[in-house]
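What follows is one structure encoded as structure tokens, with my remarks underneath.
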Amino acid sequence: MNRTIRTLLLSCTLAGTLLMTQPDTAQAQENPAVVRAFARTQKPPLHGKHWMAITGKPLAATAGALMFQRGGNAVDAACAMIAATSTMWDVLHWGGETQALIYDPRTKKVVAINGLGVAPTGATPEFYRKKGFEYPPAYGPLAAVTPGTPGGIMLMLAEYGTLSLADVLGPSIELADGYPIEAETADRIERWRDKLKEWPYSKQVMLPHLGEAREAPHPGEIFRQPDLAATLRKLVEAEAQARAAGKSRKEAIQAAYDRFYRGDIAREFVRGVQEQGGLITLGDLDRWEPLVEEPLTTRYRGIDVFKLDVWTQGPALLQSLNILENFDLKALGYNSANYIHTVYQAMNLAFADRDFYYGDPYFPPQEPKRGLLSKEYAKARAATIRMDRNDANAGPGDPYPYQGEQNPFAELLRPQQRAALDDASRELSAQSLAAFKEGFHNGTTSVVAADAAGWLVAVTPSGGWVPATIAGRTGIGLSQRLQSFVLDPKLNPFNVLEPGKRPRVTLTPSLAFKDGKPWLAFAVQGGDSQDQNLLQFFLNVAEFGMTPQEAAEAANFESFQMRSSFDEHKSQPGRIVLHESVPPWVRKELAARGYRQEFQPRTSGPINAILLDHAHGTIWGGSSNFGEDYGIAW
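To convert, note that position 334 of the sequence shown is 788 in the working numbering; the numbers rise steadily by one, no gaps.
In structure tokens, the structure reads:
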């Protein structure tokens, strides 16, 4: 990297930050006079030799660290962090969903975990239309898919972990018995208190001060969830009974799984859901199972990037990279008007394909994945980008010819058809604009973990955020993920609601390999903004040489041009959120290209990341200054 580019990076990474210099060891070995200048980040970079655990709350990161202290691996730590963040209502709860990418050093392969729940019996487009819904609702029992997080954790632990379920759930049981609740969650409960009062079990758990000026817990108050603690103890009890009967470790975890999805926990869960008007049945729980899958991947300038399948938005990042490979991003200049415009337009095209072609691959029709991830298709899409203006009408392309097939939905791609749908998606009243933005960023947390044995894990668990309906005496907050389906096949023929089907979700952990070795794990929360922030984080590291901490805090931008995956599924073409440090001449150029700009002091998103430094046998970590995310290493 030459001195001019390095200077540019330092000036653009975080405006107004102080700088410090540290030696770049690799270069210093060749030339001791060469130093690498680092931006002084608001949070210090993490360094470790043995292990690293990062997630959305400090207490949850401690739960991961405890697993390492007990001799567990990165999967054990990740499972404990998922469980702890779920218990702490870190924009999710136990009725939600868990997805993961895991590098297994034993097989030297990346595996994908699909712990996403499915639409329950009776959840059809006709059912919701009769109730007056254009889309499934955003909240309440009718927004719920079957719980996936308990099964996802138990699958990960049984197949790739080393500790017992009792070990992994120990911190969460203690948290459920009572922990000092932090202001972020306590204040969120207070904001949603009127909604929470609609559901008797949620009201009982979440509003301990009914009738007072503040009905939610106070920050620092001990927040107790006795029903949830009892449910988690039942899982540990089932495991212990199986072990006492001579069962293996995996069989004992399966006994706990069976108690949740087929036993007394399942019966109370279903009773509590149906009492409040929900659809989930015992058969739905019995039939559902978490899956181990092959990830999707692409190679970007020699780096292999892995994402989950098209039941998530993850492949949109892969498509964006394929498109951007046709541009010299370094020559454009980091966060210049040309750089921002080019990345924005690439995301427009990739997310337009997401909005039309992504869905549950276990249900027909079959998604055109080979075409979507084709380099030739990406080159054709890149050729449509104009540098002088934002394309507010960017729509889905046709990937089928790039896998030797004809598009069965070509009629839905006609400009007149798309224009009518797009116009309807943009009709936002002033009142619904705020709701649109909140929905766009809806829920989740992120988890990354690594250890010296080579395990590398990225997870984006979610679902059951406040305000959630709690299912009876189980203490489990229901998912709200059903809202990500569409009812009209014209919008997306692959993501139409159907019982037993998974909605296309925004959840999207990431792994990357460099020189054939596991290199980077990165994840972020924030609905439709997730792969936008992760794309820019990855480019910050891969193209501009930032450390994980620098890249996690660096100034990102955010598009609202794609169709929201939540609530009313609206879009806002040309709307862009920029860091307030963007200089006047960049703002002027972007305005001339049709962008409607907003500015915020922090725009990175709550990114968490781990980088494996194979040259030195150490682990680098980064955790954004955007939220309350936290990491621990040793």
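Each residue gets a CB set at the ideal place from its N, CA and C atoms; glycine is no exception.
Residue environment, residue 1068, which counts as buried when at least 16 other CB atoms sit within 10 Å: exposed
Segment limits, beta strand (DSSP E) that includes residue 569: 563-569 is the span of the beta strand (DSSP E), which, as asked, contains residue 569.
Buried or exposed (CB count within 10 angstroms, at least 16 for buried), residue 1045: exposed
6 angstroms CB neighbourhood of residue 1071 in its chain, flanking five on each side removed: none
Residue 761 in three-state terms, based on DSSP: Secondary structure of residue 761 (DSSP, three-state): strand.
Segments of 3+ residues assigned as beta strand (DSSP E) that fall wholly inside the stretch 761-818: none
Backbone CA spacing between residue 982 and residue 1019 [nearest angstrom]: 7 angstroms
Length of the line joining the Cα atoms of residue 731 and residue 925: 11 angstroms
Three-pair Cβ contact test at 8 angstroms for the stretch 546-557 versus the stretch 940-953: no
Identified DSSP bridge partners for residue 1062: 977 and 1077
Contact under 8 angstroms by Cβ, residue 972 with residue 910: yes
Of the listed residues 625, 821 and 529, nearest to residue 950 (C-alpha basis): 821
Environment of residue 1076 [buried if 16+ CB atoms lie within 10 Å]: Residue environment for residue 1076: buried (at least 16 other C-beta atoms within 10 angstroms of its C-beta).
Spatial distance of residue 1009 from residue 1056 (CA atoms): 7 angstroms
Pairwise C-alpha distance: residue 1006 and residue 1073: Each residue's Cα considered, the two are about 16 angstroms apart.
Beta-carbon proximity check, residue 856 vs residue 816, cutoff 8 angstroms: no
Cβ pair residue 427, residue 550 closer than 8 angstroms: Here the chain covers residues 455 to 1088 and nothing more, so residue 427 does not appear.
Residue from 630, 623, 627 and 667 with nearest C-alpha to residue 644: 667
Under the three-state DSSP convention, the category residue 530 falls into: helix
Check whether residue 514 and residue 953 have beta carbons under 8 angstroms apart: no
Buried versus exposed call for residue 946 [16 or more other C-beta atoms within 10 Å across all chains shown]: It is buried - the Cβ of residue 946 has at least 16 other Cβ atoms within 10 Å.
Residue 1084 in three-state terms, based on DSSP: strand
Per DSSP, the bridge partner or partners of residue 506: 904 and 1087
DSSP state of residue 855 mapped onto helix, strand, coil: helix
Per-residue burial, residue 1058 [other beta carbons within 10 Å of its own, 16 or more giving buried]: buried
Inter-residue spacing [alpha-carbon to alpha-carbon] between residue 747 and residue 626: 28 angstroms
Given 8 angstroms, three or more beta-carbon pairs between the stretch 567-581 and the stretch 604-612: yes
Paired residues, beta bridge with residue 643 - DSSP: Looking at the DSSP assignment, residue 643 forms no beta bridge with any residue, so it has no partner.
Residues sharing a beta bridge with residue 584, DSSP: DSSP, once it has assigned bridges, lists no residue as partnering residue 584.
Where the beta strand (DSSP E) through residue 843 begins and ends: No beta strand (DSSP E) contains residue 843, which DSSP labels as neither H nor E.
CB contact below 8 angstroms: residue 837 versus chain B: Looking at the structure shown, chain B is missing, and only one protein chain is on hand.
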